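Comments concern the structure below.
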Amino acid sequence: MDLKTALTELQCEMVAERNLVNPKEITWLQYDILYQVEKQGEVLPSDLSLILGVSRTKLSKALKNLKQMEYIEQFPNKSDGRELYTSLTDSGEELLESISENHISIYKIALESFTEEEQKEFVHLSNILSDELRKARIEKDE
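So, in structure tokens, the structure goes:
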């Protein structure tokens, strides 16, 4: 199997797994937003737009829906009141925890499939690829 095929198949498997564990009430984009807000802490929509590679309009709609579901809260930037910082509510944190518990199946399969050395190498290579994909996406949007 070549690299292109391997990446495509891995992506398909990850999407299939994601379909199994994400609750039906949120979209993939909404999950990604919640995940990034948890990871980044208080974050501006402009930064989320770059991180996720989505338009401000699409992001704004998703944020509005997440706010209505009470998974996020927003408050003004003290230096520029037009910008709103986004953070998770307790409900948002609980939802992510629930999803994370379901993601454990992927982790268990990886533990069983890879030797300890292969796990380290997979983490290393995944981080390199993720960083390069993120960098390319951000550069494209600038």
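Residue numbers (my numbering): 291 to 432. Every residue, glycine too, gets a C-beta built ideally from N, C-alpha and C. Just so it is clear, the structure is predicted and the values come from calculations on it, not from any experiment.
Reduced DSSP secondary structure (H/G/I, E/B, other) of residue i
i    : result
V333 : strand
N312 : coil
F404 : coil
D434 : Residue 434 is absent from the structure shown; the chain starts at 291 and stops at 432.
T298 : helix
Contact belief for residue i with residue j at Cβ below 8 Å, rounded distance in angstroms
i    : j    : result
H393 : V311 : 6 Å
G382 : L324 : 6 Å
S336 : S345 : Incorrect: roughly 12 Å between the Cβ atoms, too far for contact.
I396 : E307 : 6 Å
Beta carbon of residue i nearer than 8 Å to that of residue j
i    : j    : result
A352 : L319 : yes
L374 : F365 : yes
R427 : G331 : no
T298 : V333 : no
>> Counting beta carbon pairs with one atom in the stretch 379-397 and one in the stretch 343-350, are three or more of them shorter than 8 Å?
In response: no
*Of all the alpha helix (DSSP H) runs that stay within the bounds of the stretch 327-392, which reach a length of 4 or more residues?*
335-342 and 346-358
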